[in-house]
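A short worksheet on the structure shown next.
Residue numbers (my numbering): 6 to 325.
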């Protein structure tokens with residue numbers, strides 16, 4: 006009989022939706038993506054325990070774009086200060102009534118407009134002796150409704166790979182038109198520790214500066230030095246942006262004999278940390294630019310026409 010591979014990439018069904026699951030048998034890690042619903046990371050299981058906040062699941066995400074799991078935030082991460090921005094030349098006016106636009110409690114556009122996008126194309130999923138992996142892409146130039154809100158033709162590709170107990174996610178932006186493409190995207194991994202009280206969660210934030218914000222959580226352009234000592238989450242809450250990250254930047258969530266590490270491997274000089282008081286999740290969000298960069302221009306990088314840029318982060322699970 007053939008010896009089974011240590012890794013597997015299989016078609017699956019998650020919460021009633023067609024998905025693809027990458028499995029590391031020896032590490033007891035399974036990660037599931039839903040390419041047809043925004044290429045979202047829907048599940049990350051370790052030894053059978055779910056480590057991603059479901060927050061209403063895929064059905065709610067598809068219907069309302071209320072984030073869960075590991076969604077990509079594009080073409081801007083977190084919020085903008087208004088419905089108009091100028092980046093790489095043109096001034097863009099967003100339609101506040103567009104069904105693509107999700108608003109925060111202050112009525113500001115948040116998390117871009119690719120949430121639950123049905124236009125992702127699965128390029129492949131396979132496994133061998135060394136890893137399991139999948140790739141998907143989305144050509145924004147093929148969808149006029151996207152170009153109305155972000156008139157910078159480009160293709161975005163997401164490559165996910167599982168090796169031992171580490172999931173690595175690489176995003177590539179390739180400028181496909183005659184203009185440069187602003188880089189202001191990120192990911193929002195909602196992490197949780199089942200069976201462990203939130204107050205007992207151990208967190209480590211390798212940050213050096215906090216972005217000063219106004220009452221709407223829009224950065225003012227100023228920063229302030231910050232040191233957050235490792236320790237229990239307790240009753241603390243976070244919804245803050247940071248820069249001057251350690252190298253490597255390894256954000257840690259631990260408890261119950263398990264540690265989850267989110268490492269910003271490359272291309273993410275900013276982080277948003279989210280830990281609300283009404284949901285048992287923590288998010289260490291890798292960001293290519295600070296919140297509101299399309300409006301402020303601060304920290305905003307451009308992909309020259311005909312070129313591409315990538316950014317990579319990884320999530321590892323360790324027994325402790």
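Note that CB positions come from ideal geometry on N, CA and C, so glycine has one too.
Owing to the predicted nature of the structure, the values given are computational and were not obtained by experimental measurement.
{"query": "Span separating the alpha-carbon of residue 307 from that of residue 201", "result": "42 Å"}
{"query": "Bounding residues of the beta strand (DSSP E) (the contiguous stretch that carries residue 52)", "result": "Counting along the chain, residue 52 falls outside any beta strand (DSSP E), and DSSP gives it neither H nor E."}
{"query": "Cut-off 7 Å between Cβ atoms - residues of its own chain near residue 33, not counting five sequence neighbours on either side", "result": "51, 52"}
{"query": "Among 276, 313, 142, nearest to residue 295 - alpha-carbon criterion", "result": "276"}
{"query": "First through last residue of the alpha helix (DSSP H) which encompasses residue 69", "result": "62–69"}
{"query": "Close-in-space but distant-in-sequence residues of the same chain around residue 184 (CB under 7 Å, 5 per side omitted)", "result": "93, 94, 157, 310"}
{"query": "Outcome for residue 217 when other beta-carbon atoms lying within 10 angstroms are tallied against a minimum of 16", "result": "exposed"}
{"query": "Cβ-Cβ distance between residue 172 and residue 287 below 8 Å", "result": "no"}
{"query": "Exposure of residue 297, with buried meaning 16 or more beta-carbon neighbours within 10 Å", "result": "buried"}
{"query": "Segments of 3+ residues assigned as beta strand (DSSP E) that fall wholly inside the stretch 209–257", "result": "214–218, 224–230, 243–248"}
{"query": "Per-residue burial, residue 24 [other beta carbons within 10 Å of its own, 16 or more giving buried]", "result": "buried"}
{"query": "Alpha-carbon to alpha-carbon, residue 205 and residue 79", "result": "33 Å"}
{"query": "Minimum C-alpha distance to residue 176 - residue among 44, 26, 324, 323", "result": "44"}
{"query": "Helix, strand or coil at residue 32 [DSSP, three-state]", "result": "coil"}
{"query": "For residue 1, the nearest candidate out of 86, 265, 272 (CA to CA)", "result": "Past the edges of the chain, shown from 6 to 325, lies residue 1, and the structure says nothing about it."}
{"query": "Residue 143 in three-state terms, based on DSSP", "result": "strand"}
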